[in-house]
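Report on the following structure.
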Amino acid sequence: MFASVKSARITGVGERLKITAMPDRAPGPDEVLVRVKSSGVCHSDLHLWEGGYDMGDGKFMKVTDRGVKYPVTPGHEIAGTVEAVAPGVESVRAGDDVLVYPWIGCSKCPTCRAGNENVCDSPRSIGIFQDGGYADHIIVPHYKYLAKIDGMSLDEATSLACSGLTAYTAIKKASASSPENIVIIGAGGLGLMGIQIGKAITDSRIICVDLDDKKLATAKDMGADVTVNSKGKNVVQEIMDACGGMGAESVIDFVNAPPTAGLAFDVVRKRGSITLVGLFGGSFPLSLVTVPLKSLTIQGAYTGSYKDMIELVELAKKNTIAPMISRRYSLDDANDALEDLKARKIIGRAVINP
């Protein structure tokens with residue numbers, strides 16, 4: 475064993491993360507001790523750091539109102555190596571490379587029993603409601619939340635637990651009606667994964683929309699059939715034309731800000747679906763009569779189930795998708811990682827290597 479766990483902790487809203495050393499402990503019943511090799515830097519970490527979400531109209535949802543308690547160690551995209559297991563744990567052993575499923579629920583309610591712990595009403599998610607992966611070690615509360623990823627890049631695997639998983643869930647929802655065209659709004663980490671997954675599991679044309687030409691170029695490299703810069707003068711018409719003139723059967727908004735949500739409603743066609751994913755926040759006026767007249771489906775996508783994560787890992791093992799890691803930080807530089815993410819300096823995904 476080791477003397478202590480080194481971690482970067484959020485001690486209060488907006489305060490710089492504090493590097494701390496906490497006493498170690500051996501794993502208890504069903505638990506697994508994982509040496510963290512890589513932890514993804516996610517926009518949800520920013521919300522945790524900033525204290526909540528913009529609800530629009532001057533309203534703000536505090537994370538503490540959702541049950542978050544400071545201090546807390548962020549980081550929910552965790553890949554590492556098993557260091558020790560509790561007696562009786564046989565599914566993993568010391569030395570195994572693993573990906574941690576962080577979206578833990580109460581394990582008792584009907585939603586959890588159906589395998590959908592990610593949408594449990596009493597979440598216990600790692601890196602949000604309990605200490606996460608901005609640390610050199612983590613105790614995973616049950617071995618059933620681990621997926622073996624031997625032979626995979628641990629840096630690339632991290633995003634499969636959140637951004638990739640969320641994108642996978644969104645694409646599955648958006649493609650349920652076998653759309654000819656899927657419009658993806660946002661070419662950040664989520665959007666780029668969505669493009670790859672869309673090309674891998676659907677036959678749809680993928681139109682990617684963003685306001686950054688550099689990100690759009692990356693989106694094209696990732697497989698987008700058409701890219702559109704949302705700063706253009708005739709954006710709606712350009713997207714409509716790319717979809718054959720009638721609009722998109724499915725739109726996925728990986729940003730989910732007032733301008734992007736408005737754009738989604740402008741370009742979705744009759745009988746189409748809009749999947750809202752991002753947590754940028756805000757609100758926008760909705761013409762209520764439009765929804766029934768166009769017979770629209772409006773839905774959300776939040777992370778995904780453990781089963782979905784396993785399916786996604788299998789796709790990644792076949793090199794069907796390749797998460798893009800553009801920056802790596804040490805644990806001591808965790809504050810820089812969050813600042814760079816906030817300043818939109820990161821294309822794809824960044825990771826912390828403790």
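What the sequence shown shows, in my numbering, is residues 475 to 828, in sequence order. Backbone N, C-alpha and C fix where the C-beta goes; we use that ideal spot for every residue, glycine too.
Thinking just about the alpha-carbon of each residue, which of the options is nearest to the one in residue i?
| i | options | result |
| --- | --- | --- |
| Arg509 | Ser651, His517, Asp498 | Asp498 |
| Thr643 | Pro797, Thr749, Thr734, Tyr803 | Thr749 |
| Ser651 | Val725, Asp571, Val700, Pro597 | Val725 |
| Gly662 | Thr676, Pro597, Asp686 | Asp686 |
| Lys622 | Glu557, Pro597, Val572 | Val572 |
| Met496 | Pro503, Ser478, Ser512 | Ser478 |
| Arg540 | Tyr575, Ser599, Ala560, Ser512 | Ser599 |
| Ser747 | Asn655, Ser513, Tyr619 | Asn655 |
| Ser518 | Val542, Lys511, Asp531 | Val542 |
| Tyr619 | Glu551, Asp677, Glu489, Gln711 | Glu551 |
| Trp523 | Lys533, Gly822, Leu815, Ile821 | Leu815 |
| Cys717 | His616, Lys707, Pro653, Glu813 | Pro653 |
| Gly488 | Asp531, Thr494, Val546, Gly514 | Val546 |
| Tyr527 | Val506, Glu813, Pro797, Gly752 | Gly752 |
| Val515 | Gly601, Ser581, Val506 | Gly601 |
| Leu507 | Glu813, Tyr617, Pro733 | Tyr617 |
| Lys792 | Ser627, Gly822, Ser513, Asp570 | Ser627 |
State the Cα-Cα distance for the pair residue i and residue j, rounded to the nearest angstrom.
| i | j | result |
| --- | --- | --- |
| Ala723 | Ala731 | Here residue 723 is Glu; the residue named in the question, Ala, does not match the sequence. So the two alpha carbons sit approximately 21 Å from each other. |
| Val763 | Gly625 | 52 Å |
| Gly719 | Arg679 | 14 Å |
| Asp629 | Val614 | 19 Å |
| Thr485 | Gly525 | 11 Å |
| Pro548 | His521 | 10 Å |
| Gly721 | Leu770 | 13 Å |
| Asp806 | Tyr544 | 19 Å |
| Arg587 | Ala558 | 28 Å |
| Ala553 | Asp715 | 42 Å |
| Ile645 | Arg818 | 24 Å |
| Arg745 | Leu639 | 26 Å |
| Val556 | Lys536 | 34 Å |
| Ile675 | Leu666 | 15 Å |
| Ala635 | Ile799 | 14 Å |
| Gly502 | Val566 | 15 Å |
| Asp677 | Ile795 | 15 Å |
| Pro828 | Asp610 | 5 Å |
| Gly562 | Cys594 | 28 Å |
| Ala631 | Leu767 | 43 Å |
| Gln711 | Lys647 | 25 Å |
| Gly756 | Phe534 | 9 Å |
| Cys580 | Lys688 | 42 Å |
| Ser513 | Ile493 | 15 Å |
Count the other CB atoms within 10 Å of the CB of residue i; is the residue buried (16 or more) or exposed (fewer)?
| i | result |
| --- | --- |
| Leu760 | exposed |
| Met834 | Shown here, the chain extends from 475 to 828; a query on residue 834 therefore has no answer. |
| Ser481 | buried |
| Gln773 | exposed |
| Phe739 | buried |
| Thr538 | exposed |
| Gln441 | Since the first residue shown for the chain is 475 and the last is 828, residue 441 is missing from the structure and cannot be characterised. |
| Arg743 | buried |
| Met529 | exposed |
| Gly607 | buried |
| Ser596 | exposed |
| Pro584 | exposed |
| Ala568 | exposed |
| Asp531 | exposed |
| Ala500 | exposed |
| Lys511 | buried |
Residues bridged to residue i by DSSP?
| i | result |
| --- | --- |
| Gln604 | Ile600 |
| Ala722 | Val742 |
| Met701 | Just to set this straight, residue 701 is Thr in the shown sequence, not Met. Partner(s): Cys682. |
| Lys543 | Lys543 pairs with nothing; no bridge assigned. |
| Arg439 | With the chain covering 475 to 828 only, the question about residue 439 has no answer from this structure. |
Less than 7 Å separating the beta-carbons of residue i and residue j?
| i | j | result |
| --- | --- | --- |
| Leu690 | Asp699 | no |
| Glu591 | Ile578 | yes |
| Ser637 | Leu664 | yes |
| Tyr803 | Ala790 | no |
| Ile659 | Gly668 | no |
| Tyr575 | Tyr780 | yes |
| Ala470 | Leu491 | Summary: the structure shown does not reach residue 470, with the chain confined to residues 475 through 828, and so no result is reported for it. |
| Phe758 | Gly778 | no |
| Ile784 | Val741 | no |
| Phe754 | Val787 | no |
| Asp605 | Ala560 | no |
| Ile826 | Arg801 | no |
| Thr701 | Lys707 | no |
Does the beta-carbon of residue i, which I'm using as the reference point, lie nearer than 6 Å to any heavy atom of the ligand NAD?
| i | result |
| --- | --- |
| Asn793 | What this structure holds is no ligand at all, so the ligand NAD is not there to describe. |
So with Cβ pairs under 7 Å, would you call residue i a contact of chain B?
| i | result |
| --- | --- |
| Ser678 | Given the protein chain composition of this structure (a single chain), no chain B is represented. |
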